[in-house]
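Heads up: the structure comes next, in structure tokens.
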Amino acid sequence: MASRIPQFNQQVLYDTTPLPDSIPKVKELGASSAPLMSAAYFIGARCRDYNDDFMQCKNENPGKGEFECLKEGRRVTRCARSVIADINKSCLEEFRKHWTCLEDNNQQLWQCRPAEWKLNKCVFENLGLKKEIPDQPPNVTPVHLRKQMIYAHWPIPRSAEPFVPPTQTGDNNKAPAAASSSS
Amino acid sequence: MPVPFEALIPYAIIVTMFGVTGAGLSAIKTAQNGGKKARWSLDTWDRQMMDRDRRLTGWLRGQTDAADAPYGFEYNNPWRVEKRFS
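In the order they appear, the protein sequences are chains W and G.
Quick note: the first sequence, position 116, residue 116 per the UniProt record's numbering, numbers continuous.
Quick note: the second sequence, position 45, residue 45 per the UniProt record's numbering, numbers continuous.
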């Protein structure tokens, strides 16, 4: 459907026909790009299975994914909506600070680490969702837990501490004790 | 002997001109982006998300963190219609 970007279009067409009643109605997500970027890892932590299902469905149906994958898409929307609603209920202040900082910085996560650590702490304590970057190499501090971001415009103040969620035994998202210092 | 300041006046003029244009450009870019810094190095994903922000809030850099979309959001994504070349 979205096979090529339209060129030289001078008109737009708004099709306000609603979907047929046989398709269950789902309220669309009302968060814009910066809050979504901020909450992305928490959405991933809670909605990973639904997102993987949707992506697999789209891959298996090239060209007709918009029709065949409506059910998986509804699941994705509902799950992401639940994450945003929960964050709004419990951690609104830290969330707003983080995404305001992101919006000022070209939505680059490495410019806004102190606010992100506070948000991670709040979300972990209230919702139990952890930010985890998949496929990190072992024995190296994950990039969001380092105290020095090499491309950030401003250095991180010394008083800001990265939030490392307490790990249970056998959890491989551990900031190792003998972490090699990153430049 | 005293500094020949008259000889340095042209340099001061040149530096002031650069400063005026730089400050003016920065002010214009900030005003265009609603008080925020301009976004740079945008790819198609970022442009698509900014277009979605405009559909959600009404202007390109608007942000909202509501869980529900405003009424009419489902229907305001337009088809971009091209005239057929014949």
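Ideal Cβ positions, reconstructed from N, Cα and C, are used throughout, including at glycine.
Please read all numbers here as calculations on a predicted model, not as lab measurements.
**OP:** Counting only the same chain and skipping the five closest in sequence on each side, list residues whose C-beta sits under 8 angstroms from that of Cys-101(W).
**Re:** Residue mapping note: residue 101(W) aligns to position 101 of the first sequence, counting from 1. Answer for Cys-101(W): Gln-111, Cys-112 and Ala-115, listed in chain order.
**OP:** Throw me the rounded Cβ distance for the residue 105(G) and Ala-31(W) pair, which I believe falls under 8 angstroms.
**Re:** In the structure displayed, chain G extends from 1 to 86; residue 105(G) sits before or after that span and is not available.
Subject >> Under 7 angstroms by beta carbon: chain W residues contacting Arg-84(G) >> reply: Locating residue 84(G) in the second sequence gives position 84, counting from the first residue. Near Arg-84(G) there are no residues of chain W at all, since even the closest Cβ is about 11 angstroms away, more than 7 angstroms.
Original post:
Lys-29(G) to Leu-60(G), Cα distance in whole Å?
Top reply: Taking the first residue of the second sequence as 1, we reach residue 29(G) at position 29. Taking the first residue of the second sequence as 1, we reach residue 60(G) at position 60. One C-alpha to the other measures close to 13 angstroms.
Subject >> Interface residues of the segment 3-15 of chain W facing chain G [CB-CB below 9 angstroms] >> reply: Listed in chain order, the positions of the segment 3-15 of chain W with a beta carbon within less than 9 angstroms of a beta carbon of chain G are Ile-5, Pro-6, Gln-7, Phe-8, Asn-9, Gln-10, Gln-11, Val-12, Leu-13, Tyr-14 and Asp-15.
**OP:** For Ile-14(G), count neighbouring C-beta atoms within 10 Å of its own C-beta (all shown protein chains included) and say buried if the count is 16 or more, exposed if not.
**Re:** Translated into positions along the second sequence, residue 14(G) becomes position 14. Counting Cβ neighbours within 10 Å, Ile-14(G) comes out exposed, since fewer than 16 surround it.
Original post:
For a contact meaning CB atoms closer than 9 angstroms, what does Thr-30(G) contact in chain W?
Top reply: Counting from one through the second sequence, the residue named residue 30(G) turns up at place 30. Neighbours of Thr-30(G) on chain W: none; closest Cβ ~11 angstroms, over 9 angstroms.
**OP:** From the DSSP output, in three-state form, read off Val-164(W) for me.
**Re:** Numbered from its first residue, the first sequence carries residue 164(W) at position 164. It is coil, neither helix nor strand.
Subject >> Which listed residue (Lys-118(W), Lys-131(W), Gln-136(W) and Pro-134(W)) has its alpha carbon closest to that of Ala-160(W) >> reply: As a working mapping, residue 160(W) is identified with position 160 in the first sequence. Checked all of Lys-118(W), Lys-131(W), Gln-136(W) and Pro-134(W); the closest Cα to Ala-160(W) is Lys-118(W).
Subject >> Cβ-Cβ distance between Ile-43(W) and Ile-84(W) below 9 angstroms >> reply: Sequence index remark: in the first sequence, residue 43(W) carries index 43 (1-based). Sequence index remark: in the first sequence, residue 84(W) carries index 84 (1-based). Taking 9 angstroms as the Cβ cut-off, Ile-43(W) and Ile-84(W) qualify as a contacting pair.
**OP:** Report the residue ranges of all beta strand (DSSP E) runs contained in full by the UniProt domain "CHCH 2" (88-130) of chain W; include only those spanning at least 3 residues, in chain order.
**Re:** none
Original post:
If the cut is a Cβ gap below 9 angstroms, which residues of chain G does Ile-133(W) touch?
Top reply: Residue 133(W) sits at position 133 when you count from the first residue of the first sequence. Correct list: empty, because the minimum Cβ distance to chain G is about 19 angstroms.
**OP:** Determine, using beta-carbon pairs with one atom in the segment 127-136 of chain W and one in the segment 95-109 of chain W, whether at least three such pairs fall under 8 angstroms.
**Re:** no
Original post:
Is there at least one Cβ from chain B nearer than 9 angstroms to Asn-105(W)'s Cβ?
Top reply: Checking the listed chains, one finds no chain B in this structure; the protein chains it contains are W and G.
**OP:** Check Leu-60(G) in the structure and name its three-state DSSP category.
**Re:** Looking up residue 60(G) in the second sequence gives position 60. Residue state, collapsed to three classes: coil.
**OP:** For chain W, find out if any of its Cβ atoms is closer than 9 angstroms to the Cβ of Ser-26(G); answer yes or no.
**Re:** The sequence position of residue 26(G) within the second sequence is 26, counting from 1. Answer no: the Cβ-Cβ gap between Ser-26(G) and chain W never drops below 9 angstroms.
Subject >> Identity of the residue in His-153(W), Met-149(W), Ile-150(W) and Leu-129(W) nearest Pro-166(W) by Cα >> reply: One-based indexing of the first sequence puts residue 166(W) at position 166. Nearest of His-153(W), Met-149(W), Ile-150(W) and Leu-129(W) to Pro-166(W), Cα basis: Leu-129(W).
Original post:
Is any beta-carbon of chain W found at less than 9 angstroms from that of Asp-53(G)?
Top reply: Stepping through the second sequence from its first residue, residue 53(G) is reached at position 53. Cβ-Cβ to chain W under 9 angstroms: yes for Asp-53(G).
Original post:
Can you find a CB in chain W that lies within less than 9 angstroms of the CB of Gly-22(G)?
Top reply: Against the second sequence, residue 22(G) aligns to sequence position 22. Not closer than 9 angstroms to any Cβ of chain W, the Cβ of Gly-22(G) fails to qualify, so no.
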